[in-house]
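Under full-length UniProt numbering, the sequence shown has 167 at position 167, and the numbering climbs by one with no breaks. Each residue gets a CB set at the ideal place from its N, CA and C atoms; glycine is no exception.
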Amino acid sequence: MPARPGRRIGLFGGSFDPVHQGHLALAQAAMGQLGLTELRWVVAGQPWQKADRQLAPAADRMAMVEAAIGSAPGQRLERIEVDREGPSYTIDTVRALQAAEPIDTDWWLLIGQDQHANFCSWRDWRELLARVGLAVAARDGVAPQPSGELATVPHRWQVLPMSPHPASATAIRSRLAAGESAQLLAPAWLSPAVADLIGRRGLYHPVPAQPVDRPATPDAGPVTATDRASSGVPQQRP
């Protein structure tokens with residue numbers, strides 16, 4: 001019997017804080033243009049590139065990804081980085097996932113243009129290039145090209161032409177923090193399922209100020225001159 005061709009697996013990593021329609025459009029483009037057998041959404045636990053920002057709880061971000069992809073064929077949540085302690089480095093994830101799959105599996109990493117431009121700052125980036133192909137999302141109709149040191153290292157890469165999408169996780173968090181309903185961002189920026197989950201869990205919304213408990217002060221009657229003197233309150237001079 002002829003050997004079964006290896007599977008082609010795409011890895012789509014991110015904080016997904018929150019996952020939005022732009023992410024879903026990129027995932028769909030990758031599935032079709034790369035001919036992926038499977039696309040795994042790798043939710044970051046503690047991304048090293050965002051160590052200075054507080055993320056929504058990992059459990060909520062994973063729930064949003066699952067709500068977003070629903071029953072989409074070939075797409076599933078990958079929680080390896082959430083389960084692993086410490087900062088999330090892509091090379092550690094790729095090593096672990098590849099060790100669990102047949103050696104003839106073809107791996108692709110989905111990244112944006114900003115990540116492509118800064119790829120040489122990633123941990124063990126040369127080894128990463130030897131392990132995966134890079135699928136780079138084109139932005140504003142401009143096809144990215146390897147530059148700098150990255151251009152000197154032979155590697156597999158492919159541009160994913162895409163129509164620009166206005167959704168931004170930063171803008172979504174800002175609008176929700178200002179009190180806007182997540183439902184108003186669906187379906188243009190958020191999938192209805194994700195908007196519903198955000199609303200039910202109260203994610204990204206402002207936290208109402210809590211009243212400060214102060215001890216009750218008993219009514220001690222009128223303050224006398226003697227009281228003022230003993231309490232340090234200045235007395236009126238004649």
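Look at the alpha carbon of Cys120 and the alpha carbon of Thr152, and state the distance between them as a whole number of angstroms.
To locate residue 120, count along the sequence shown from 1; it is residue 120. To locate residue 152, count along the sequence shown from 1; it is residue 152. The straight-line gap from Cα to Cα measures roughly 11 Å.
- Message: Buried or exposed for Thr90, going by 16 or more other Cβ atoms inside 10 Å?
- Response: Position 90 of the sequence shown, counting from 1, holds the residue named residue 90. Its Cβ being crowded by 16 or more others within 10 Å, Thr90 is buried.
- Going by the CB atoms, is the gap between Leu150 and Val94 shorter than 8 Å? As a position in the sequence shown, residue 94 is number 94, starting the count at 1. As a position in the sequence shown, residue 150 is number 150, starting the count at 1. Not in contact: Val94 and Leu150 (Cβ atoms no closer than 8 Å).
Environment of Arg187 [buried if 16+ CB atoms lie within 10 Å]: Here residue 187 is taken as the residue at index 187 of the sequence shown, counted from 1. The amino acid at residue 187 is misidentified as Arg; the sequence shows Pro. Classification for Pro187: exposed.
Point to revise | Local conformation of Ala135 per DSSP, three classes | key: Stepping through the sequence shown from its first residue, residue 135 is reached at position 135. Strand.
Review point. How many whole angstroms separate the CB atoms of Met64 and Val82, which I take to be in contact at a CB cut-off of 8 Å?
Key: To locate residue 64, count along the sequence shown from 1; it is residue 64. To locate residue 82, count along the sequence shown from 1; it is residue 82. Contact flag wrong, Cβ pair sits at about 13 Å.
Practice problem: Could you tell me how far apart the beta carbons of Ala138 and Pro144 are, in whole angstroms, since I believe they sit closer than 8 Å? | Solution: In the sequence shown, residue 138 corresponds to position 138, counting from 1. In the sequence shown, residue 144 corresponds to position 144, counting from 1. Sure, about 7 Å apart at Cβ, within 8 Å.
query: Is it the case that the Cβ atoms of Ala169 and Pro18 are separated by a distance below 8 Å?
result: Locating residue 169 in the sequence shown gives position 169, counting from the first residue. Locating residue 18 in the sequence shown gives position 18, counting from the first residue. Yes, the pair counts as a contact, with Cβ atoms nearer than the cut-off.
inquiry  = At 4 residues or longer, what runs of the alpha helix (DSSP H) sit wholly inside the segment 13-77?
reply    = 21-34, 58-69
*Keeping to the same chain, check which residues put their C-beta closer than 7 Å to that of His165; ignore five residues upstream and five downstream.*
What you label residue 165 is simply residue 165 of the sequence shown in a count that begins at 1. Contacts found: Gln21, Gly22, Ala25.
Alpha helix (DSSP H) runs wholly inside the segment 72-133, at least 4 long, in chain order: 80-83, 90-99, 113-117, 125-131
### Query
Assuming Trp108 and Arg8 make a contact with CB atoms under 8 Å, what is their CB distance in whole Å?
Stepping through the sequence shown from its first residue, residue 108 is reached at position 108. Stepping through the sequence shown from its first residue, residue 8 is reached at position 8. Correct: roughly 7 Å between the Cβ atoms.
Inter-residue spacing [alpha-carbon to alpha-carbon] between Met31 and Pro57:
What you label residue 31 is simply residue 31 of the sequence shown in a count that begins at 1. What you label residue 57 is simply residue 57 of the sequence shown in a count that begins at 1. Approximately 28 Å, taken between the alpha carbons.
* Locate the beta strand (DSSP E) running through Leu160, then write down its first and last residues. => For the purposes of this step, residue 160 is taken as the residue at position 160 of the sequence shown. Note, Leu160: beta strand (DSSP E), 157-160.
Check your understanding: Cα separation between Pro146 and Ala29?
Key -> Stepping through the sequence shown from its first residue, residue 146 is reached at position 146. Stepping through the sequence shown from its first residue, residue 29 is reached at position 29. In a straight line, the C-alpha of Pro146 is about 21 Å away from that of Ala29.
### Message
Whole angstroms are fine: how far does the CA of Pro192 sit from the CA of Pro154?
### Response
Start at 1 with the first residue of the sequence shown, and residue 154 comes out as number 154. Start at 1 with the first residue of the sequence shown, and residue 192 comes out as number 192. If I take the Cα positions, the gap works out to 42 Å.
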